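Since the structure comes first, as structure tokens, the remarks are kept for the end.
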Amino acid sequence: MSSASLSQLVECPSCQRKLALTQLNPHLDRCLTGDDSADGSSSSNDRQIKNEQWSGILPSKASDINASVGTSASPRGMKRPTSSPTDAAGSLEPPSPGNSNLSGSSKRPKPKAGLSDTISSNNGDGNSTSGSSTQPIPSTSRSRIDAAKPFAERMRPQTLSEYVGQSDIVNDPLKVLLAQGRIPSMILWSPPGTGKTTLARLVVKSASSSSSSDPPPHRFVEISATNSGTADVKKIMDQALHPLSLTGQPTVLFIDEIQRFTRAQQDVLLPAVEKGHIVLVGAATENPSFGLQSALISRMRVFVLTKLSVDECCQVLRNALTRIQQEEADPRTSRIVSHIDSDLIRWIANMSDGDARTALSALELALSTTDASLSATSNVTSLKKALKRIALQYDRTGDMHYDTISALHKSIRGSDPDGALYWLARMVCSGDDPLFIARRLIIAASEDVNGLQALQMATASIMLVRSSVCRSAVRI
604 MSSASLSQLV ECPSCQRKLA LTQLNPHLDR CLTGDDSADG SSSSNDRQIK NEQWSGILPS
664 KASDINASVG TSASPRGMKR PTSSPTDAAG SLEPPSPGNS NLSGSSKRPK PKAGLSDTIS
724 SNNGDGNSTS GSSTQPIPST SRSRIDAAKP FAERMRPQTL SEYVGQSDIV NDPLKVLLAQ
784 GRIPSMILWS PPGTGKTTLA RLVVKSASSS SSSDPPPHRF VEISATNSGT ADVKKIMDQA
844 LHPLSLTGQP TVLFIDEIQR FTRAQQDVLL PAVEKGHIVL VGAATENPSF GLQSALISRM
904 RVFVLTKLSV DECCQVLRNA LTRIQQEEAD PRTSRIVSHI DSDLIRWIAN MSDGDARTAL
964 SALELALSTT DASLSATSNV TSLKKALKRI ALQYDRTGDM HYDTISALHK SIRGSDPDGA
1024 LYWLARMVCS GDDPLFIARR LIIAASEDVN GLQALQMATA SIMLVRSSVC RSAVRI
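Quick note, in my numbering, the sequence shown goes up one by one and the last residue is 1079.
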């Protein structure tokens, strides 16, 4: 480089002073660090402005670049780290903008509160609360829904030990499976009011409580065949695959009145039951052999539940009274419950015909109509007048129709007149066809009695029934 080019004057980008090219680098080291004594041509304010401009053009050393990157990712309101003025190589270190005191470290201004900070710091009424400490407002919708449930629904047992009846099923096969935390696919078949739905819920609850963390507790889904279709079943089966594949949590699908499903709807359940994607528990009030496909029955276990005995119905009613006294703190309720004596409980149990739901509904009526100012005898008399008719479980087209006529036929064959009259009266009171009964009496007289007089009486009875039916038809 020639001497002329070295001697030419250049302008300092920081203080705009004219310097020789050879003096520019040493001058910049002193000018940017504040050690250079500048003349009056450049004021301290102008120098500060130019330093800010120069600090945006020329970055500092690599460590300062890394520090600036780290501070840009740091949370708001934290102190920006400072760096050394210069290193051994003489790298440039721009001063902090807006601060002429180089010995102290500068602080970035505190940012304004964001939207999330405003929401978490103010709950709308001036009180300062955090998002984690905000308590949800308690809702009374759940209590209102529970209060609207029928009395029999509210009195359902909460544990399997409170369950009454079906001891041959609960204590023998299910007890061993529940101890292992296993639930098989099964069909619960029984008349209404014997505890099918309650047993299904308590079985899942007991199996989930007895099982360890591996596998997780069962996921229980309950639907009814009266208001659910194929789309609902497919959606539940698709949702059951997700927890089963991730955590191994099985899904128990309980279908009430499963015999209402058509053949096509039952076909949807076959692959999931066969592969074990779901555990199917169905409740049926009709014979599963008639209402369900044989392919579905072969993959499930059928448990037949019987009607509750009189003693078991009495136990259900006593448990309900005990629960009412525990839940209700009203003294008036205690006085009303005291009027429900053991004789009334047994009378209700006899009237319910093994249906726990009917017995609990009668008990609710007794509690509602009991007058504490009257004697217990008067209350029982008024209740019996209100519940004159005994609720008989009977189905003219189902299994109970054929079971009852079979019981009548066997009573005649066994020379049991009281039993024969009982089953005959049960069929007549339930509204069965009298012509059907008369035809079966002719069969019994011909096959079992084998007497001419019995056959003549049976033939006369069917002729009398036919003439009565004809006269009724003419009147109509």
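Ideal placement from N, C-alpha and C gives every residue a C-beta, glycine not left out. In this text the structure is predicted, and so the values were computed from the model without any measurement.
For residue i, the three-state DSSP class (helix, strand or coil)
i: residue 824; result: strand
i: residue 911; result: coil
i: residue 789; result: strand
i: residue 884; result: strand
i: residue 754; result: helix
i: residue 1029; result: helix
i: residue 864; result: coil
i: residue 617; result: coil
i: residue 747; result: helix
i: residue 924; result: helix
i: residue 849; result: helix
i: residue 1058; result: helix
i: residue 1068; result: helix
i: residue 612; result: strand
i: residue 984; result: helix
Closest by C-alpha distance to residue i, when choosing among the options
i: residue 962; options: 921, 783, 980 and 984; result: 921
i: residue 829; options: 955, 1046, 971 and 885; result: 885
i: residue 772; options: 812, 802, 946 and 889; result: 802
i: residue 1041; options: 1051, 1067 and 834; result: 1067
i: residue 1047; options: 788, 844 and 1008; result: 1008
i: residue 912; options: 798, 834 and 1043; result: 798
i: residue 856; options: 867, 865, 835 and 849; result: 835
i: residue 876; options: 787, 968 and 823; result: 787
i: residue 925; options: 909, 944 and 612; result: 944
i: residue 851; options: 810, 821 and 872; result: 821
i: residue 900; options: 909, 987 and 872; result: 872
i: residue 848; options: 906, 879 and 907; result: 879
Unbroken beta strand (DSSP E) run spanning residue i, endpoints
i: residue 858; result: 854-859
i: residue 623; result: 621-623
Cβ-Cβ separation, residue j to residue i (assumed contact under 8 Å), whole Å
i: residue 806; j: residue 777; result: 6 Å
i: residue 862; j: residue 894; result: 3 Å
i: residue 1015; j: residue 903; result: With 8 Å as the limit, residue 1015 and residue 903 do not qualify as a contact, their Cβ atoms being about 38 Å apart.
i: residue 959; j: residue 917; result: Not a contact, Cβ separation roughly 11 Å.
i: residue 896; j: residue 869; result: 5 Å
i: residue 624; j: residue 615; result: Not confirmed; about 11 Å, so no contact.
With 16 other Cβ atoms within 10 Å as the buried cut-off, status of residue i
i: residue 974; result: exposed
i: residue 840; result: buried
i: residue 1017; result: exposed
i: residue 796; result: buried
i: residue 804; result: buried
i: residue 964; result: buried
i: residue 669; result: Note on residue 669: pLDDT 46, under 50, position unreliable in the model; the coordinate value appears next. Flag for residue 669 reads exposed.
i: residue 859; result: buried
Enclosing alpha helix (DSSP H) for residue i [first to last residue]
i: residue 1012; result: 1002-1016
i: residue 1037; result: 1037-1047
i: residue 630; result: 627-636
i: residue 902; result: Looking at the DSSP string, residue 902 is not in any alpha helix (DSSP H), and its letter there is neither H nor E.
i: residue 967; result: 959-972
i: residue 1087; result: Because residue 1087 is not part of the residues shown, which for the chain are 604 to 1079, the question remains open.
i: residue 946; result: 945-955
i: residue 780; result: 776-782
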